[in-house]
Amino acid sequence: MSAINKSDAKRITVHVLQSMKANGEKISMLTAYDYTMAKLVDAAQIDVILVGDSAANVMAGYETTLPITLEAMIYHASSVVRAAERALVVVDLPFGTYQGNSKEALCSAIKIMKETEANAVKLEGGREILESVNRILSAGIPVMGHLGLTPQSINKFGTYVVRATGNEEADRLLEDAHLLEDAGCFALVLEKIPAALAERVAKELRIPVIGIGAGGGVDGQVLVLHDMLGMTQEFSPRFLRRYLSLGEEITSAIKQYSNDVKTQDFPNEKEQY
Ligand code: KIV
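Here it is as structure tokens:
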């Protein structure tokens with residue numbers, strides 16, 4: 667029996683991403699956390715939508731990604747999955763749902779896959795989470811790795827500065843990247859590391875390497891949607907290119923609406939029954 671999905675032929679799968687890397691075609695990835703924005707991202711033919719735990723910052727206003735729960739991630743992910751017709755949807759396992767307990771990691775990943783119908787999960791870390799990665803993969807759930815700056819470990823790092831600038835940390839990152847590939851991860855995110863190191867990882871690995879603040883020598887790029895649209899203003903790292911100043915435009919439109927209400931310009935004759 668085959669699954670019913672009218673748009674299967676157009677869908678991006680983990681295999682499509684692997685052949686994109688093999689053919690030298692760059693992969694585009696953006697975050698989304700809700701139905702309306704995910705529809706727009708999908709319509710723009712973005713290859714991968716990441717339901718990132720950056721939802722903790724962007725949607726909920728927390729300072730770090732640590733407080734977001736599995737239930738909240740499932741709410742965001744199921745909204746995104748309902749919108750995405752073409753993009754592969756990857757969901758972050760939130761802090762505390764997979765580290766140090768591979769059985770809990772598997773349960774968390776299964777809950778996400780069952781309740782959202784997303785296509786894959788993403789986990790932060792290398793050798794220290796390998797048992798969890800293996801266990802999730804054994805259930806047939808595709809896993810995307812995430813190395814470099816891993817925001818769930820912010821309390822260990824202390825700051826959000828560039829990672830792996832020294833030889834020891836760079837060597838460890840390279841080893842971890844190979845371990846994740848050998849385990850069976852279908853792709854890897856590298857966040858905020860030197861461009862030369864990221865390029866070396868991308869060259870050595872067969873799986874696609876997607877960068878954020880990791881230069882142009884990797885197989886694709888990811889940004890947080892609200893940052894690249896200029897909806898968030900307080901966050902301005904060097905790697906962020908803003909394509910719009912949507913925050914300013916939204917505030918200006920809302921001010922105009924408020925003014926129209928107060929001056930009784932809105933609603934006019936045509937805008938009533
Ligand atoms: O949560 C997120 O948005 C991420 C990206 C920054 C890669 O993990």
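Its first residue numbered 667, the sequence shown is counted upward by one per residue in our numbering. Just so it is clear, CB atoms sit at the ideal spot from N, CA and C, and this is done for glycine as well. Model, not experiment: these values are computed from the prediction.
Under the criterion of beta carbons closer than 8 Å, LEU856 and VAL884 qualify as touching, at roughly 7 Å. Secondary structure note for ILE878: its beta strand (DSSP E) is the uninterrupted segment 875-878. Between the beta-carbon of ILE873 and that of GLU847 there is about 5 Å, and that keeps the pair under the 8 Å contact cut. Of the other Cβ atoms in all chains shown, 16 or more fall within 10 Å of the Cβ of ARG829; this residue is therefore buried.
If you draw a straight line from the Cα of GLU937 to the Cα of ILE916, it is about 22 Å long. The DSSP-derived three-state label of GLY913 is helix.
Fewer than three pairs of CB atoms, one per stretch, sit closer than 8 Å, so the segment 682-693 makes no contact with the segment 760-771. The criterion of a C-beta distance shorter than 9 Å is not satisfied by LEU789 and GLY814. Beta-bridge pairing by DSSP links VAL756 to LEU716 and ALA786. Assigned with DSSP and collapsed to three states, VAL809 falls in strand.
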